[in-house]
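Residue numbering for the sequence shown follows this note's numbering, starting at 57 and increasing by one per position.
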Amino acid sequence: MTSKFTCITCRVAFKDADIQRQHYKADWHRYNLKRKVADLPPVTVEEFQRRVLLQRELDNLESTPINAHCKICRKSFSSQNAFENHLNSKKHKEANISLVELEESNNTPNNLNGENIYRDKIINVSADITKKQGDNPTVDDVVMQEDSDSDIEEVDSDEWDEEYKDNPIANNNCLFCSHHSRNTVKNLKHMSLEHSFFIPDVEYLVDLKGLLMYLGEKVTQGYMCLWCSEKGRSFHSSDSTKQHMVDKGHCKMLHEGETLAEYADFYDYSSSYPPDHQDNPDAEVTVPVLDDSDYQLVLPSGATIGHRSLMIYY
């Protein structure tokens, strides 16, 4: 039996709406959203976990002190990133070219290349980690990646630490343009007047800030139109997403069908339930049966409605 709770981006199905809502907030779903924008196929949760572990090993490797020294420029470095930035700098490359030309004129071998020293340092550090942790496949992948090209896509570690860095709502900016407001209320007023944006079922909304932040993530990180959602076209930047919503009049939330489960954490509809249902959510709602005998209906209010065949008598 096909489940009605699915995620088109990750190509998975869920047995209930709660699991689906939790999935929408997971890093795996966000990672696949970015791959979708880049026209890449989604990865499975096992492959995603493997890439996360690999990236952590790389981060640990980069933070390991290496005490590297560039003999060409006569400078020392205590971290891998600093030394790598130095090797890619224009000043180091010019000094290296000058040294190579000088050695070619003197026919002397070049043993001062900083890149060779850097490569030896990386291999030594990787070997030390391997000895400490044993036959760890992820560490082996890190070591092999220094010797051969890999087709594994690295996960940017900044996306976990700076999750809300570019979220316009965090800075009181408009979701659809570059307008800046003093506070959230003024920001909502601007979006309502300028873009006809409104929040559906606002009387049942319990987390306004959380909902706006989530909408900001969809636009700036997932590059998704709020109305088209996952079923619309793909965009490659937040600016193109905003332009699409403004041009097509899609500056509004899709709040029906499967998207109700996506926004369920921000709403509470319990106050709309019948009185008996509020005390016991699992209780069955009894619908009063109208008396339809004698070609007429007596409504609970006492009004009587006759059949249209008897219209000539009324």
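For glycine and all other residues, C-beta sits at the position ideal for the given N, C-alpha and C.
Could you give the distance in angstroms between the alpha-carbon of residue i and the alpha-carbon of residue j?
i, j, result
"tyrosine 270", "lysine 287", "18 Å"
"serine 248", "asparagine 88", "31 Å"
"alanine 226", "arginine 238", "11 Å"
"serine 285", "leucine 310", "8 Å"
"asparagine 314", "tyrosine 329", "Rather than asparagine, the amino acid found at residue 314 in this sequence is glutamate. Cα to Cα, the separation comes out at about 21 Å."
"lysine 90", "serine 293", "10 Å"
"aspartate 72", "phenylalanine 61", "6 Å"
"phenylalanine 104", "glutamate 318", "22 Å"
"serine 154", "glutamate 160", "10 Å"
"lysine 81", "aspartate 95", "21 Å"
"histidine 148", "lysine 131", "10 Å"
"serine 145", "asparagine 152", "11 Å"
"arginine 373", "cysteine 281", "There is no way to answer for residue 373, as the model of the chain reaches only from 57 to 370."
"asparagine 141", "phenylalanine 133", "10 Å"
"cysteine 129", "asparagine 137", "17 Å"
"arginine 106", "histidine 79", "18 Å"
"alanine 69", "glutamate 312", "19 Å"
"aspartate 115", "valine 156", "33 Å"
"valine 258", "leucine 353", "36 Å"
"leucine 143", "serine 296", "36 Å"
"glycine 305", "arginine 364", "44 Å"
"glutamate 102", "aspartate 263", "33 Å"
Evaluate residue i with the Cβ neighbour count: other Cβ atoms within 10 Å of its Cβ, from every protein chain shown; 16 or more gives buried, anything less gives exposed.
i, result
"threonine 100", "exposed"
"histidine 251", "buried"
"phenylalanine 254", "exposed"
"glycine 358", "exposed"
"threonine 240", "exposed"
"leucine 267", "buried"
"valine 275", "buried"
"leucine 110", "buried"
"threonine 360", "exposed"
"leucine 355", "exposed"
"tyrosine 351", "exposed"
"leucine 158", "exposed"
"isoleucine 368", "exposed"
"leucine 117", "buried"
"leucine 366", "exposed"
"isoleucine 64", "exposed"
"histidine 236", "exposed"
Comparing alpha-carbon positions, which option in the options lies nearest residue i?
i, options, result
"serine 327", "Asp321, Leu261, Asp72, Met280", "Leu261"
"cysteine 126", "Asn116, Phe139, Asp115, Leu117", "Phe139"
"serine 135", "Leu143, Asn123, Cys129, His142", "Asn123"
"proline 97", "Asp324, His363, Ser290", "Ser290"
"lysine 92", "Arg107, Gly272, Ser365, Arg67", "Arg67"
"proline 256", "Leu316, Arg106, Asp295", "Leu316"
Are residue i and residue j closer than 9 Å when you measure CB to CB?
i, j, result
"aspartate 324", "arginine 77", "no"
"tryptophan 283", "lysine 308", "yes"
"glycine 278", "arginine 86", "yes"
"glutamate 273", "asparagine 223", "yes"
"asparagine 228", "lysine 242", "yes"
"aspartate 74", "valine 108", "no"
Does the beta carbon of residue i sit closer than 9 Å to a beta carbon anywhere in chain C?
i, result
"lysine 71", "Looking for chain C here will not work: only one protein chain is present."
Legend entry - Sufficient close CB pairs (3 or more, under 8 Å) joining the region 295–308 to the region 227–234: yes
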